Structures are given as C-alpha cells and as structure tokens.
Amino acid sequence: MKTAKYVEDLKSKTAADLEKELVAAKKELFNLKFQNATNQLDNTSRIKEVRKNIARIQTIIAEKANA
Numbered sequence: 059m060k061t062a063k064y065v066e067d068l069k070s071k072t073a074a075d076l077e078k079e080l081v082a083a084k085k086e087l088f089n090l091k092f093q094n095a096t097n098q099l100d101n102t103s104r105i106k107e108v109r110k111n112i113a114r115i116q117t118i119i120a121e122k123a124n125a
C-alpha cells in the first residue's frame with residue numbers, strides 16, 4: 059500500500075527532516091489552493107491528499123516528541 063510505505067518513510071526520518079517536509083507540504087498546499095482559486099488546478103483531489111499528508115507528518119512529529 060502506498061500510504062503505509064509513505065508513513066514508514068516518515069518514521070525513519072529525523073525531527074529536522076520532518077520539519078522540512080512539513081514546510082514543503084504546507085507550501086505545496088498553499089500553491090494548490092492558489093491555483094484552485096484562479097481556476098488553473100486540474101486535479102483538485104491533490105489538495106485533499108496534501109492535507110492528509112500534512113496531518114500524517116504532524117502525527118509522526120508528535121509521536122517522536124512524546125517518545
């Protein structure tokens with residue numbers, strides 16, 4: 059499954075790498091929202107996917123902080 063592999067990759071990263079990944083995902087989400095507002099976005103389901111990835115990254119960061 060694609061999602062499980064992505065989560066495993068996230069778990070193997072350091073906290074600094076996760077923060078960089080989070081910033082990149084938030085920038086991508088901003089760009090997607092901007093493209094959607096200007097009717098330039100073809101694949102609107104990508105917004106939902108990026109939002110879920112941001113939540114996954116934040117969850118892994120919280121798990122590492124509590125450990």
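Using the numbering used here, the letters of the sequence shown map in sequence onto residues 59 to 125.
A virtual CB, placed ideally from N, CA and C, is assigned to each residue, including glycine.
If you're wondering where the values come from, they're calculated on a predicted model, not measured in any experiment.
Between the region 81-92 and the region 104-124, the count of C-beta pairs closer than 8 Å reaches three or more; the two stretches touch.
Going by C-alpha positions, residue 66 is about 30 Å away from residue 94. Shown here, residue 67 sits in a helix according to DSSP, grouped into three states.
Ranked by Cα distance from residue 112, the options 70, 78 and 97 are led by 78. The C-beta separation of residue 87 from residue 115 comes to about 12 Å, leaving the pair out of contact by the 8 Å criterion.
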